[in-house]
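Below is one structure, written out as structure tokens, with a few remarks after it.
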Amino acid sequence: MKNLKNALLLKQLYQRKQLGYAYTSITSFKEVAPELTLPSTLSSLKKQAQECHLCELSKSRKNVIFGEGNSHADIMFIGDAPNNSDDSIAKIFTGRAGELLSKMITNVLGLSREEVYISNLLKCHTLDSHNPSASHTHTCYPYILKEIALVQPKIIVTLGTLAYEYLSHEDSPLEEVHGIVHQKEKYILIPTFHPNYLLKNPSKKKAVFEDLKKVKKLYDSLL
Ligand code: SF4
Numbered sequence: 561m562k563n564l565k566n567a568l569l570l571k572q573l574y575q576r577k578q579l580g581y582a583y584t585s586i587t588s589f590k591e592v593a594p595e596l597t598l599p600s601t602l603s604s605l606k607k608q609a610q611e612c613h614l615c616e617l618s619k620s621r622k623n624v625i626f627g628e629g630n631s632h633a634d635i636m637f638i639g640d641a642p643n644n645s646d647d648s649i650a651k652i653f654t655g656r657a658g659e660l661l662s663k664m665i666t667n668v669l670g671l672s673r674e675e676v677y678i679s680n681l682l683k684c685h686t687l688d689s690h691n692p693s694a695s696h697t698h699t700c701y702p703y704i705l706k707e708i709a710l711v712q713p714k715i716i717v718t719l720g721t722l723a724y725e726y727l728s729h730e731d732s733p734l735e736e737v738h739g740i741v742h743q744k745e746k747y748i749l750i751p752t753f754h755p756n757y758l759l760k761n762p763s764k765k766k767a768v769f770e771d772l773k774k775v776k777k778l779y780d781s782l783l
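Be aware that the sequence shown starts at 561, since it is given in my numbering, and climbs by one per residue.
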């Protein structure tokens, strides 16, 4: 029932947008997650996401890209949205960005992709995947919150600005805050750059290497 209400509300918002109304800024969105009744196992949450039509991205996606990896992982990586390649082959973090993320996990943390959990704020590909709209992100936000609650990671590494802003509720430039440890109520959050950004700015690889060394140190201290 709540899902139906949300869908109707969203439809009204789209109609108003077509009439010329503008959406408000991301900072007013990210404080409060929209109410959405979600199941309490990862498999049923994935199923619900796969059937989700709460935002207009459901019309253009080929696949819903849910998180994957160890469902009891101590470390969870969270990016922004699936890319074109993810959408085509129905797998998270594929292509060059995915390869780079896998290398980072293996070479610095000494873990495989299967030993961590990897997800995104949005479950559907956006036509401009590096810049998902605030309304789409806000609508999808309850899914990632529920995923975090179910996986219960001890450390969350956010990849890129959007994931950092939504999960820290802060909007300092990533350039200034990457690698800084944020102690949250139930986990430690460490922001770093997104692999896509590193592909375009290889000089930042050293900074990410240092950020992940901090993650490794924290992870080792938890064992
Ligand atoms: S992006 Fe999220 S809210 Fe939008 S349709 Fe996909 S799963 Fe639903």
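From the three backbone atoms N, C-alpha and C, an ideal C-beta is built for every residue, glycine too.
C-alpha gap between residue i and residue j, whole angstroms
i, j, result
"TYR701", "LYS744", "18 Å"
"LYS714", "ASP780", "12 Å"
"LEU719", "ASN623", "22 Å"
"LEU772", "LEU614", "35 Å"
"LEU759", "GLU659", "11 Å"
"LYS607", "ILE625", "11 Å"
"GLU675", "SER732", "30 Å"
"PRO599", "HIS754", "29 Å"
"ALA633", "SER603", "16 Å"
"PRO642", "LYS683", "7 Å"
"THR697", "LEU681", "7 Å"
"SER662", "GLU616", "31 Å"
"ASN620", "LEU687", "Per the sequence shown, the amino acid found at residue 620 is Ser instead of Asn. Computed Cα separation, rounded: 8 Å."
"GLY580", "GLY670", "Because the pLDDT of GLY580 is 49, which lies under 50, any placement of that residue in the model is unreliable, and the number read from its coordinates should be weighed accordingly. Computed Cα separation, rounded: 51 Å."
Beta-ladder partner(s) of residue i, from DSSP
i, result
"CYS684", "VAL624"
"TYR677", "GLY629, MET636"
"THR718", "ILE638, PRO751"
Whether residue i touches residue j by CB criterion (8 Å)
i, j, result
"TYR724", "LEU734", "yes"
"HIS685", "ASP647", "yes"
"VAL737", "LYS774", "no"
"ARG656", "ILE665", "no"
"GLU707", "GLY627", "yes"
"LEU705", "SER728", "no"
DSSP-derived helix/strand/coil call for residue i
i, result
"SER631", "coil"
"HIS754", "coil"
"VAL741", "coil"
"LEU614", "coil"
"ILE806", "This structure cannot settle anything about residue 806, because the visible part of the chain is limited to 561 through 783."
"ILE649", "helix"
"LEU598", "coil"
"THR654", "coil"
"LEU783", "coil"
"LEU734", "helix"
"LEU671", "coil"
"GLN712", "coil"
"HIS698", "helix"
"PRO762", "helix"
"LYS746", "coil"
Cβ-based neighbour list, residue i, same chain, cut-off 8 Å, excluding 5 preceding and 5 following
i, result
"ALA650", "LYS622, ASN623, ILE625"
"SER631", "LEU602, TYR677, LEU710, VAL711"
"GLY739", "ILE750, PRO751, THR752, ALA767, GLU770, ASP771, LYS774"
Cβ shell of residue i (< 7 Å), same chain only, five flanking positions each side left out
i, result
"SER645", "THR654, GLY655"
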